[in-house]
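Have a look at the structure below, then the notes.
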Amino acid sequence: MTEYVIIGDGISGSSAAETLREEDPDSSITVITDEGEALYNRILIKEHAKGKLPEAPISIHDEGWYEERDIELSLNTHVTGVDTDEKVVRTHEGEDVGYDKLLIATGGTPTQLPVDDSDAEGIHHFWTFQDARKIRESAEAADDGVVVGAGLLGIDFAAVCGAQGVEGKYLMRGDRWWRYALSGQGAEIMHDGMREVGVEPVFDSGVDHFETDDDGRVVAAVDPNGERYECDFAGVAIGLTFNTEFLGDIDLEQDNGIVVDEYMQTNLEDVYAAGDITQFYDVLLGEQAQNGSWGSAKEQGRIAGVNMAADGEAEAFEWVSSYSITHFDFPFLSFGHPTLGDEYAERKYSDTEWRRIAFKDGKVVGGVLIGDLAPQSKLKQLMREQRDVADQKEVLLEETVDLDDLAPPQEQ
1165 MTEYVIIGDG
1175 ISGSSAAETL
1185 REEDPDSSIT
1195 VITDEGEALY
1205 NRILIKEHAK
1215 GKLPEAPISI
1225 HDEGWYEERD
1235 IELSLNTHVT
1245 GVDTDEKVVR
1255 THEGEDVGYD
1265 KLLIATGGTP
1275 TQLPVDDSDA
1285 EGIHHFWTFQ
1295 DARKIRESAE
1305 AADDGVVVGA
1315 GLLGIDFAAV
1325 CGAQGVEGKY
1335 LMRGDRWWRY
1345 ALSGQGAEIM
1355 HDGMREVGVE
1365 PVFDSGVDHF
1375 ETDDDGRVVA
1385 AVDPNGERYE
1395 CDFAGVAIGL
1405 TFNTEFLGDI
1415 DLEQDNGIVV
1425 DEYMQTNLED
1435 VYAAGDITQF
1445 YDVLLGEQAQ
1455 NGSWGSAKEQ
1465 GRIAGVNMAA
1475 DGEAEAFEWV
1485 SSYSITHFDF
1495 PFLSFGHPTL
1505 GDEYAERKYS
1515 DTEWRRIAFK
1525 DGKVVGGVLI
1535 GDLAPQSKLK
1545 QLMREQRDVA
1555 DQKEVLLEET
1565 VDLDDLAPPQ
1575 EQ
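Counting along the sequence shown from 1, when you hit position 140 you're at 1304 in the numbering used here, and nothing is skipped either side.
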C-alpha cells in the first residue's frame, strides 16, 4: 500500500488528496496542516472581512469530508523537518510520519514590512480565515486606515476600509496601483473606484515607520517624505514569504519558491510541490513561472495527485489563470502573465472600460480587462493556441473581439 503525505491543506493540498483517493483507492493519505481548521475558501474571506458574508459559506470541507474519504487530517501540526533519505516527515510533537511520495503545498506567509513597529496591534496581514476575523473586528471599530502594498492583495484592504466606513489612505511607492501590469490610463479607473468607496490613493509614498501609543497600538504611519497619516487600522500586503524553513538544508532546488517541472515534480525523487509555493515550468510560456491564483493552485494539486499515483505516462500542467476583483461598480480581471510581455496593446472604451493585452514573441501571454470582461475567453483561447497575433492588435482591441477577423495562422 502506497503511503502519501501532503504538507498543507490549502486548495492545492486538498485537491491533491481528493485526486489521490480517486486514483489510488487503497492507499494511505495523510494531510498535515498548521492551521486549526480544514479547507476554506480564501477568495471569500475578504467578503467576510468586509462584513458582507457570515462564516458558514466560507468553509469548504469539514473534518467529516476527510473521514469519509479515509484521509487522515492532522490540524494544528507543525512540520519541523523532512528527511528525504529516510522518507519521513517530522512534526513538533516528535512524531515521524513515513511516506512513499510527498507533496509540499505549504504556500506562504505575508511578508512583514521591514520598518519600526510593523508588528504593532492594529496592523494586519490578509491570508488566513483567522486573519479575516481579526481584520473585520478591527475595521468595524476603526475610524482611519492606512493600506500598504499596491497589488492584487493590497486592494482587498482598500475594499475593507470602504465597506466598513473607514476613511482610508492607500500609500503606494510608485505613481499608480499595480504599475507592473497597468498603464496610467487603466490604473486611473481603479484609483477612481477607490476614491468612490472613500479610500484616497497616495502616490510616491509608502511607510518609513509606524507610530504607536503606550499600549502598543498603531496610531499613525509616516511615509518616506515625512508625511504623517493617522490610523487606528493598517493593512499590509507587500508579498509572500514562502513557507520552506522546515525543509532545512535538504537538496531541494529553490528559486524564490520550489522549482518543479510541468508535472509538479521537484528535483528530488518522490517529492512534489504545488500551489503558490512553486516556480513551475509553464508549457505555454516556455519558461519557469509563478502564479498565486486559486484556480491555478487547485489544478496544480490535481496534476500532482495524478502524477504521484501514476505508474506510466505523466500529465502536464497547462493552465491560463485568472484573477478577478469585484469590489467596485465595475469588474476587473487579469489573466495569464500580464507583467511578462515584451510588447503591449491597450485601449480605453469609457470611464470604466479598458483593456490591455500582453504579448511575448508575438503571442498573447496575459492581459487585464476592466469593465467589460467578455473578451476574456477568446484572449485565453489565443493564449492556449499560442498563435502569433501581435501584428493584428487592432482586431484584439475591437470592442467585440471576433477571432474570425484574424488572418488564418497559415497566411501569417
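Don't be surprised by glycine CBs; every beta carbon is placed ideally from N, CA and C.
Beta bridge counterpart(s) of residue i as assigned by DSSP
i: THR1405; result: THR1273
i: GLY1452; result: Checking the sequence, you will find Gln at residue 1452 rather than Gly. In the DSSP output, where bridge partners are listed per residue, GLN1452 has TYR1445.
i: LEU1266; result: VAL1169 and VAL1435
i: ARG1519; result: ARG1511 and LEU1533
i: ASP1457; result: Note that residue 1457 is Ser in the sequence shown, not Asp. Looking at the DSSP assignment, SER1457 forms no beta bridge with any residue, so it has no partner.
i: PHE1496; result: ILE1489 and ILE1534
i: ALA1554; result: According to DSSP, ALA1554 bridges with nothing at all.
i: VAL1279; result: DSSP output for VAL1279 lists no bridge partner at all.
Residue interval of the beta strand (DSSP E) (run including residue i)
i: HIS1373; result: 1373 to 1376
i: ARG1511; result: 1507 to 1514
i: ILE1235; result: 1235 to 1238
i: LEU1504; result: No beta strand (DSSP E) holds LEU1504; DSSP gives it neither H nor E.
i: VAL1195; result: 1192 to 1196
The ligand COA heavy atom lying under 7 Å from the CB of residue i
i: GLY1215; result: In terms of ligand content, the structure shown is empty, and the ligand COA therefore cannot be addressed.
Residue range of the unbroken alpha helix (DSSP H) whose run includes residue i
i: ASP1295; result: 1293 to 1305
i: GLU1227; result: 1227 to 1232
i: GLY1399; result: Careful: GLY1399 lies outside any alpha helix (DSSP H), inside the beta strand (DSSP E) at 1397 to 1400.
i: THR1183; result: 1175 to 1187
i: VAL1361; result: VAL1361 -> no alpha helix (DSSP H), and no H or E assigned at all.
DSSP state of residue i mapped onto helix, strand, coil
i: LEU1537; result: coil
i: GLN1576; result: Note that GLN1576 scores a pLDDT of 45, beneath 50, so its modelled location is shaky; the value from the coordinates is reported in the next line. GLN1576: coil per DSSP, three-state reduction.
i: SER1488; result: strand
i: GLU1250; result: coil
i: LEU1657; result: A question about residue 1657 goes unanswered here, because the residues of the chain that appear run from 1165 up to 1576.
i: ASP1569; result: helix
i: PHE1321; result: helix
i: ALA1478; result: coil
i: GLU1331; result: strand
i: GLU1211; result: helix
i: GLY1245; result: strand
i: GLY1348; result: helix
i: HIS1256; result: coil
i: PRO1218; result: coil
i: GLY1390; result: coil
i: GLU1549; result: helix
i: GLU1285; result: strand
i: LEU1416; result: coil
i: ARG1340; result: coil
i: GLY1421; result: coil
i: GLY1309; result: strand
i: GLU1563; result: coil
i: VAL1146; result: Outside the modelled stretch of the chain, which goes from 1165 to 1576, sits residue 1146, for which no answer is possible.
i: ALA1473; result: helix
i: ASP1368; result: coil
i: ARG1206; result: coil
i: ALA1468; result: helix
Neighbour-count burial assignment, residue i, 16 or more Cβ in a 10 Å radius
i: GLN1576; result: With a pLDDT of 45 at GLN1576, under the threshold of 50, the modelled position of that residue is not reliable, and no figure is offered here.
i: MET1578; result: Since the displayed the chain opens at 1165 and closes at 1576, residue 1578 lies outside it and no answer follows.
i: GLU1250; result: exposed
i: ASP1190; result: exposed
i: ASP1506; result: exposed
i: LYS1527; result: buried
i: PRO1502; result: buried
i: MET1336; result: buried
i: MET1354; result: buried
i: ASP1234; result: exposed
i: LYS1216; result: exposed
i: ARG1300; result: buried
i: GLU1231; result: exposed
i: SER1514; result: exposed
i: ALA1247; result: Checking the displayed sequence, the identity of residue 1247 turns out to be Asp instead of Ala. Answer is exposed; the Cβ neighbour count stays below 16.
i: SER1541; result: exposed
Spatially closest choice to residue i from the options, by CA coordinates
i: THR1430; options: VAL1253, THR1166 and ASN1471; result: ASN1471
i: ASP1536; options: PHE1367, TRP1518 and PHE1523; result: TRP1518
i: ALA1571; options: GLU1562, LEU1561, THR1564 and ASP1552; result: ASP1552
i: THR1292; options: GLU1182, HIS1212, VAL1386 and CYS1395; result: HIS1212
i: ARG1185; options: VAL1169, LEU1404 and GLY1174; result: VAL1169
i: LEU1448; options: PHE1494, ASP1525, ILE1268 and ASP1515; result: ASP1525
i: ALA1157; options: ILE1534, ALA1554, ARG1392 and SER1178; result: This structure cannot speak to residue 1157, because the chain is shown only from 1165 to 1576.
i: LEU1239; options: THR1255, GLN1454 and ILE1268; result: THR1255
i: THR1490; options: GLY1531, ARG1511 and VAL1324; result: VAL1324
i: LEU1208; options: ASP1198, GLU1199, ILE1224 and ILE1193; result: ILE1224
i: ASN1407; options: ALA1398, VAL1400 and GLN1418; result: GLN1418
i: LEU1287; options: GLY1456, GLY1459 and PHE1374; result: The sequence as given places Ile at residue 1287; Leu does not occur at that position. Considering only alpha carbons, the answer is PHE1374.
i: ASN1389; options: SER1369, THR1376 and ASP1378; result: SER1369
i: THR1120; options: GLU1257, GLY1348, GLY1421 and GLN1443; result: Here the chain has residues from 1165 to 1576 only, and residue 1120 is not among them.
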